[in-house]
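Start counting the sequence shown at 76; every next residue gets the next number (our numbering).
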Amino acid sequence: MTSTPNPHRKIYFALLLLALALWACVRVDLSTRPASAVIAPARPAPPTPTVTPWPTPTPIVIQIVANPIIEPACLLPDVGSGQSITASGSYTETERSASTPMVCHITRDSCAYNQLVGILDPSIVFKQEEEAPFNTEDVLMHPAMLGPLTRLNELVKAEWGGAYQLRVTDAYDSLLEHDPPESNPSTRYSLHYDGRAIDV
76 MTSTPNPHRK
86 IYFALLLLAL
96 ALWACVRVDL
106 STRPASAVIA
116 PARPAPPTPT
126 VTPWPTPTPI
136 VIQIVANPII
146 EPACLLPDVG
156 SGQSITASGS
166 YTETERSAST
176 PMVCHITRDS
186 CAYNQLVGIL
196 DPSIVFKQEE
206 EAPFNTEDVL
216 MHPAMLGPLT
226 RLNELVKAEW
236 GGAYQLRVTD
246 AYDSLLEHDP
256 PESNPSTRYS
266 LHYDGRAIDV
């Protein structure tokens, strides 16, 4: 007797083969997995702000060569006792008309302060009577003052042959001391405040 194939049996057999094929492809790991902890990356600390100091102005200092040769611009006139003469040769010319009015009060934290220059001539004595940091102000001046001060120093050396030295008692003044102390600082006026006057 011949048996007839059961269609359900064929389907069952096909499913069994498919399950075996899939089981052979897939590895099932039934062992317990080690516990893993997720560690969040540490957050970097916020940057510490750095303090930038306010720049300290550095005055420019010029070294003068010993005994420069300076030709006189004109012949020296005879000046009587009690008389004075200005750079232009006038006996009546005022400070303002000779040098133009004061431009501004140069403060120590301004850009103009860094344009002031000093003169390091050993034959010129600078008084430097103020307390630090203002003790260098007697050496500082507008660059236009270097020529006249050097010429004056040469005249002093020529007149007294080294027996006397030119002494600068005051030049640039940031403390506004060339006006009465009770005056209003905004109205104080002197060419010392912009480095264009020197007391000798």
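Just so it is clear, CB atoms sit at the ideal spot from N, CA and C, and this is done for glycine as well.
Counting only C-beta atoms, is residue 206 closer than 8 Å to chain B at any point? Any reference to chain B falls outside this structure, which holds one protein chain only.
Could you tell me the alpha carbon to alpha carbon distance between residue 243 and residue 179, rounded to whole angstroms? Taking the sequence shown and counting its residues from 1, one reaches residue 243 at position 168. Taking the sequence shown and counting its residues from 1, one reaches residue 179 at position 104. So the two alpha carbons sit approximately 22 Å from each other.
Compute the beta-carbon to beta-carbon distance between residue 212 and residue 184, rounded to the nearest angstrom, for a pair I have assumed lies under 8 Å. Walking along the sequence shown from the start, residue 212 turns up at place 137. Walking along the sequence shown from the start, residue 184 turns up at place 109. Their Cβ separation, rounded to whole angstroms, is 14 Å, which puts residue 212 and residue 184 out of contact at 8 Å.
What would DSSP say about residue 237, mapped onto helix, strand or coil? Numbered from its first residue, the sequence shown carries residue 237 at position 162. Looking at residue 237 - three-state DSSP - the assignment turns out to be coil, as it is neither helix nor strand.
Distance CB(residue 188)-CB(residue 194) smaller than 8 Å: Translated into positions along the sequence shown, residue 188 becomes position 113. Translated into positions along the sequence shown, residue 194 becomes position 119. Cβ atoms of residue 188 and residue 194: not closer than 8 Å.
Residue 193, enclosing beta strand (DSSP E) - first and last residue: Residue mapping note: residue 193 aligns to position 118 of the sequence shown, counting from 1. Unbroken beta strand (DSSP E) run through residue 193: 192-195.
Are residue 201 and residue 214 touching if we call contact CB-CB under 8 Å? Sequence index remark: in the sequence shown, residue 201 carries index 126 (1-based). Sequence index remark: in the sequence shown, residue 214 carries index 139 (1-based). For residue 201 and residue 214, yes; Cβs fall inside 8 Å.
Is residue 199 helix, strand or coil by DSSP? Your numbering for residue 199 matches position 124 in the sequence shown. DSSP places residue 199 in strand when its eight states are reduced to three.
How should residue 246 be labelled, buried or exposed, when 16 other C-beta atoms within 10 angstroms of its C-beta is the threshold for buried? In the sequence shown, the residue the question calls residue 246 occupies position 171. With 16 or more other Cβ atoms within 10 Å, it is buried.
For residue 266, count the other beta carbons within 10 Å of its own beta carbon; 16 or more makes it buried, fewer makes it exposed. Which is it? As a first step, residue 266 is located in the sequence shown; it is residue number 191 there, counting from the start. Result: buried.
Buried or exposed by the 16-neighbour rule on C-beta atoms within 10 Å, applied to residue 270: In the sequence shown, residue 270 corresponds to position 195, counting from 1. With 16 or more other Cβ atoms within 10 Å, it is buried.
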